[in-house]
Amino acid sequence: MIIAFASNINRLLSFRMNELVVRYGGHFLAEGEKTKAAAVVKVAGIAEAITSFIAYGILLLLARWGATVIIKDPSTIPWIGIFGLALLANLATETSQAVLQLGSHYRTQALLTLLQNIITVVWIGAAFIFKGGVFDVIMAYLAGKSLFGLGMLAAALYHSRSLLGEGWTRAPIRGALQWRSMANFAISTNLSQTVNMLIRDSEVLWVGYFLTSEAAGYYKFALAIMNVILMPITPFIQTTFPEMTRAVARRAWGQLRSLLKRTSMIALVWTGTAAVGLLLAGRWLLGFFKGGEYLPSLPVIWILLIGFGFANVLFWNRSLLLAFGRPHFPLAAASIAGLIKIILMFLLVPKYGMMMEAALLSLYFILSIGTITIEGLRGLKKVER
């Protein structure tokens, strides 16, 4: 919960510079305007670095409150500050990620992700063998995230010369950018991130608040299983958004529709296979894991499969509207569905437990993603005429 609290404070201030750079920088690159694309990257990188320092300061100010009210353990106050250093190590990770995506350097990001996971797992494994404590676990995650953040920054700086030109750092900012449009986009995506943080990414904290730490542990395990199912789909999100942006800039509507169909079909096959496997063998598999200690998570996993499966197949729903420069509609849809979820959470979760929380999350996915998808396809059909 220390990691979840620190991460959510960072998300609260994040302006999703990755999406902004891909949307505007990708559009300029598709039109051959490298100077304007470079200006977008510069502005995004500087803004992201500033907000990272602000986020760390706010995290330190809220550490005592978070440890007492959310984590319910005042002894975790120093650990929050220590893990928060990962925010500074990732001061420009989203901008760096966008540069690598626009340059199609996906292997670099995959390698850094792999190295991050290896360092974290090996460090935690060593801590377990040598009977380490909370400090070792926190340092393991901090080391992994720091390597990833600094590695992404170094890789982006290296590849930006070929993507944006040798003198890209000297690209003029004044008069080169659509400031009002970019500001609206950034604010909207920041608010979307806040909605996601409250509704989707803070599930473990909500369960811990309404129920018990034990229930939060079972729910966290169920979400970890969902993350495994999502893992093969994540690269599609990273690769399809730049492709969507380029297709919209070139008005290649047939190519865009084909991209959506092909990737959705792949996601459907994978998600369906994983769902059938969990339904048929889930109880048997969980029975082997730690002597069946996490079997109470199984009903939660099955319920979450409905919502996460829906989100998997239509993973491009929000990206499609962002490619059209319409960030406000996804925000409105997610906010309305999220408000419904929060009201129902306070009414039902304390009485019906973590399975109700899982059902409400699945309902949120279906309502918000379904609405966003319909609007995106309607917009695509309109421009095709």
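Positions in the sequence shown are counted from 1; adding 710 to them yields my numbering.
Glycine is no exception: its CB is placed at the ideal position from the N, C-alpha and C atoms.
Beta-carbon gap between residue i and residue j smaller than 8 Å
i, j, result
"Leu-1015", "Tyr-1004", "no"
"Trp-963", "Leu-1087", "no"
"Val-1010", "Met-1064", "yes"
"Val-958", "Phe-1034", "yes"
"Met-727", "Thr-805", "yes"
"Ala-1044", "Ser-902", "yes"
"Arg-946", "Ala-977", "Here residue 946 is Phe; the residue named in the question, Arg, does not match the sequence. A contact, by the Cβ cut-off of 8 Å."
"Gly-755", "Ala-796", "no"
"Ala-777", "Ile-787", "yes"
"Leu-857", "Gln-826", "yes"
Buried/exposed call for residue i, threshold 16 Cβ in 10 Å
i, result
"Val-1093", "exposed"
"Tyr-816", "exposed"
"Pro-882", "exposed"
"Thr-981", "buried"
"Glu-741", "exposed"
"Gln-965", "exposed"
"Phe-931", "buried"
"Ile-1079", "buried"
"Pro-952", "buried"
"Trp-916", "buried"
"Asn-1022", "buried"
"Arg-956", "buried"
"Met-941", "exposed"
"Lys-1061", "exposed"
"Pro-1037", "buried"
"Gly-835", "exposed"
"Tyr-683", "Outside the shown range of the chain, which is 711 to 1095, sits residue 683, and nothing can be said about it."
Three-way DSSP call (helix, strand, coil) for residue i in this model
i, result
"Gly-791", "helix"
"Trp-889", "helix"
"Asn-900", "helix"
"Asp-911", "coil"
"Trp-1026", "coil"
"Met-1065", "helix"
"Leu-1077", "helix"
"Lys-1051", "helix"
"Lys-841", "coil"
"Thr-944", "helix"
"Ile-883", "coil"
"Glu-924", "helix"
"Arg-726", "coil"
"Glu-953", "helix"
"Arg-733", "helix"
"Arg-871", "helix"
"Glu-741", "coil"
"Gly-877", "coil"
"Arg-1095", "coil"
Option nearest residue i by Cα separation, candidates the options
i, options, result
"Pro-1040", "Val-905, Arg-956 and Ile-1053", "Val-905"
"Leu-1024", "Ile-943, Ala-1047, Phe-838 and Ala-1069", "Ile-943"
"Ala-1042", "Thr-950, Thr-899, Ala-853 and Gly-767", "Thr-899"
"Phe-715", "Gln-819, Gly-1019 and Val-914", "Val-914"
"Asn-937", "Phe-840, Ser-1029 and Ala-985", "Ala-985"
"Leu-1030", "Ile-1053, Ala-1047, Ile-976 and Ser-968", "Ser-968"
"Val-750", "Val-831, Leu-812 and Phe-999", "Leu-812"
"Lys-746", "Ala-853, Gly-835 and Trp-878", "Trp-878"
"Val-831", "Gln-819, Ser-814 and Lys-855", "Lys-855"
"Tyr-766", "Lys-752, Tyr-868, Phe-793 and Glu-924", "Phe-793"
"Gly-1019", "Leu-739, Val-979 and Glu-743", "Val-979"
"Ala-748", "Ile-790, Leu-887 and Ser-717", "Leu-887"
"Ala-925", "Val-731, Ser-814, Ile-760 and Pro-1006", "Pro-1006"
"Met-862", "Ala-1068, Leu-810, Val-732 and Trp-775", "Leu-810"
Exercise. Which whole runs of the alpha helix (DSSP H) in the stretch 958-1012 are 4 residues long or more, in chain order?
Worked result: 963-998
Exercise. Of all the alpha helix (DSSP H) runs that stay within the bounds of the stretch 758-835, which reach a length of 4 or more residues?
Worked result: Counting only runs of 4+ residues, the alpha helix (DSSP H) found wholly inside the stretch 758-835 occupies 787-793, 795-799 and 803-812, in chain order.
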